[in-house]
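Below you'll find the structure, written out as C-alpha cells, and then a few comments.
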Amino acid sequence: MIFWNFSKAVRIRVALLFCGGIRQEITFRREFGNIFSLGCRKGVESHGIIAIIEDLTNITAVTGLYPKINDHLFIKAASGDAADSEAEYRSRITEWDDESFLIEIPMQEGSGRLKRLHIGDELSVYFMSEGGIKNYFYTHVLGFKEDVIRMVRIRKPAENEIMKMQRRSFLRVSAELELAAKTIGGSRFLVHTEDVGGGGTSFWTDVNVPLELGDRLQCWLLVPYRNGSSDHASFEAEVVRMKELENGRSLAMLKFVNIQDGERQKIIRFCFERQFDFRNR
Numbered sequence: 001m002i003f004w005n006f007s008k009a010v011r012i013r014v015a016l017l018f019c020g021g022i023r024q025e026i027t028f029r030r031e032f033g034n035i036f037s038l039g040c041r042k043g044v045e046s047h048g049i050i051a052i053i054e055d056l057t058n059i060t061a062v063t064g065l066y067p068k069i070n071d072h073l074f075i076k077a078a079s080g081d082a083a084d085s086e087a088e089y090r091s092r093i094t095e096w097d098d099e100s101f102l103i104e105i106p107m108q109e110g111s112g113r114l115k116r117l118h119i120g121d122e123l124s125v126y127f128m129s130e131g132g133i134k135n136y137f138y139t140h141v142l143g144f145k146e147d148v149i150r151m152v153r154i155r156k157p158a159e160n161e162i163m164k165m166q167r168r169s170f171l172r173v174s175a176e177l178e179l180a181a182k183t184i185g186g187s188r189f190l191v192h193t194e195d196v197g198g199g200g201t202s203f204w205t206d207v208n209v210p211l212e213l214g215d216r217l218q219c220w221l222l223v224p225y226r227n228g229s230s231d232h233a234s235f236e237a238e239v240v241r242m243k244e245l246e247n248g249r250s251l252a253m254l255k256f257v258n259i260q261d262g263e264r265q266k267i268i269r270f271c272f273e274r275q276f277d278f279r280n281r
C-alpha cells in the first residue's frame, strides 16, 4: 500500500513502473488534506516502485464540470404533488467519490423545512459555477450515512449528463405541446408548439388564426413532466417572426415579454427533462 498526502486540492496522474517494465497509470483527484492510498498487487511492494506524479490541477476538461466539496446544490424532488415537486431545497456537498456525492439533508429556504428523502427518490439538481452558469443534472438517492448529522448519498452523474445554462441563455427543444392563446382583441385559439424554451416558443398556424408581427398574446402552455405530472405555464408573448409556407400555413415565432420566474422555471424544467431524454436515447 502506498500513501500520499497533499497540501492542496489536486488532480494527478500516477505512473507506476513495476519490475520487469510493467507500467500502470492511474488518474485521480483528491481534496485538500485527504490521504490517497493506492493498493498494489501482491508481491509488488517488495520489488520496488517508481512513482511519477504529474499535477493536472489546471486541466479541467475532465473534472471541471463537477461541483466541489462545500458547493451548494439546489434540489427539487420528483413528486405526484405539483406543489411539492416545485419546492426548492438547498444542500451542500460534504464528500464525493467516483460513484456518488454525499450531501447534507436538503433544507427549504425561508421555512427551514427539511426534505425527507428515501432510497430511489429522483432529484432534479443544479449548482452555480463562475459566470453565473447553472449546471443541471438528474440523480437519485442511493442511501444514507449516519455521522454527527445524517447525510444523503446521491448518484454522481456522468459528465455528459450535466448541462450548462447561462442565466440569460435558455435551452430550447423541439416539442409538440398544447398551447391556448388569446389575442388583445379577445380571439381565442388552440395550437401545438413546434419548439419551446425559457425565452420563447413557436407554433404552426393557418389562415383561421391571422397573426402579424408585434401582436401580443396571452398564453397558457400545458407542460408535462417525466414523473407523469403536468402543469400550466402562463405568460404574455410577442410575435417576432412569421415564416410562411406555400400551403398557407405559417410558423409563428414568439418571445416572452411578461413571464413570472416561477412560470419560466416550469418550462425550463420541461426542456431540461426533454434534453436529458434525448441524450439517453
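Just so we're aligned, residue 1 is where the sequence shown starts under UniProt numbering, counting upward by one. Think of the CB as a built atom: it goes at the ideal place given N, C-alpha and C, for glycine as much as any other residue.
Beta-carbon proximity of residue i to residue j, cut-off 8 angstroms
i    : j    : result
D261 : V239 : no
S202 : L251 : yes
M151 : E104 : yes
Y126 : P157 : no
R172 : S100 : no
W204 : V196 : no
L177 : T193 : yes
S91  : L117 : no
M163 : Q265 : no
K255 : G200 : yes
E130 : L65  : no
Contact set for residue i: own chain, Cβ-Cβ below 6 angstroms, skip 5 residues either direction
i    : result
I268 : G198
L211 : V239, A252
S79  : S85
G48  : At G48, the pLDDT of 35 sits below 50, so the modelled position is not reliable; the number obtained from the coordinates is stated separately. Excluding sequence neighbours, G48 sits near nothing in its chain.
E95  : L102
A161 : First, the amino acid is wrong: residue 161 is Glu here, not Ala. Contacts found: F137.
Alpha carbon of residue i to alpha carbon of residue j, nearest angstrom
i    : j    : result
H232 : L222 : 5 angstroms
L245 : C219 : 24 angstroms
V148 : I75  : 23 angstroms
L102 : R188 : 50 angstroms
E263 : V257 : 13 angstroms
I93  : Y136 : 15 angstroms
F18  : K115 : Any reading at F18 must be qualified, since the residue scores a pLDDT of 37, below 50, and its modelled position is unreliable; the value itself is stated next. Straight-line Cα distance between these residues: approximately 50 angstroms.
A181 : S174 : 19 angstroms
Chain-order list of residues whose beta-carbon lies under 7 angstroms from that of residue i (same chain, five-residue window excluded)
i    : result
E273 : Y225, R226
D206 : G248, R249
F235 : C219, F256, N258, I259, E263
Local conformation of residue i per DSSP, three classes
i    : result
E159 : helix
S85  : helix
I69  : coil
I154 : strand
Q275 : helix
R269 : helix
D215 : coil
D261 : helix
V223 : strand
D195 : strand
V209 : coil
Chain-order list of residues whose beta-carbon lies under 8 angstroms from that of residue i (same chain, five-residue window excluded)
i    : result
R167 : Note on R167: pLDDT 49, under 50, position unreliable in the model; the coordinate value appears next. Once the five neighbours on either side are set aside, the close Cβ partners of R167 are G132, I133, K134.
H140 : G120, D121, E122, L123, I154, R155
D98  : K156
G21  : A caution first: G21 carries a pLDDT of 40, below 50, which makes its placement in the model too unreliable to give a value.
Residue-chain proximity (residue i, chain D), Cβ-Cβ < 8 angstroms
i   : result
T94 : Note that chain D does not occur in the displayed structure, where there is just one protein chain.
Every unbroken beta strand (DSSP E) inside the segment 110-153 [3 residues or more]: Runs of the beta strand (DSSP E) inside the segment 110-153: 122-129, 133-146.
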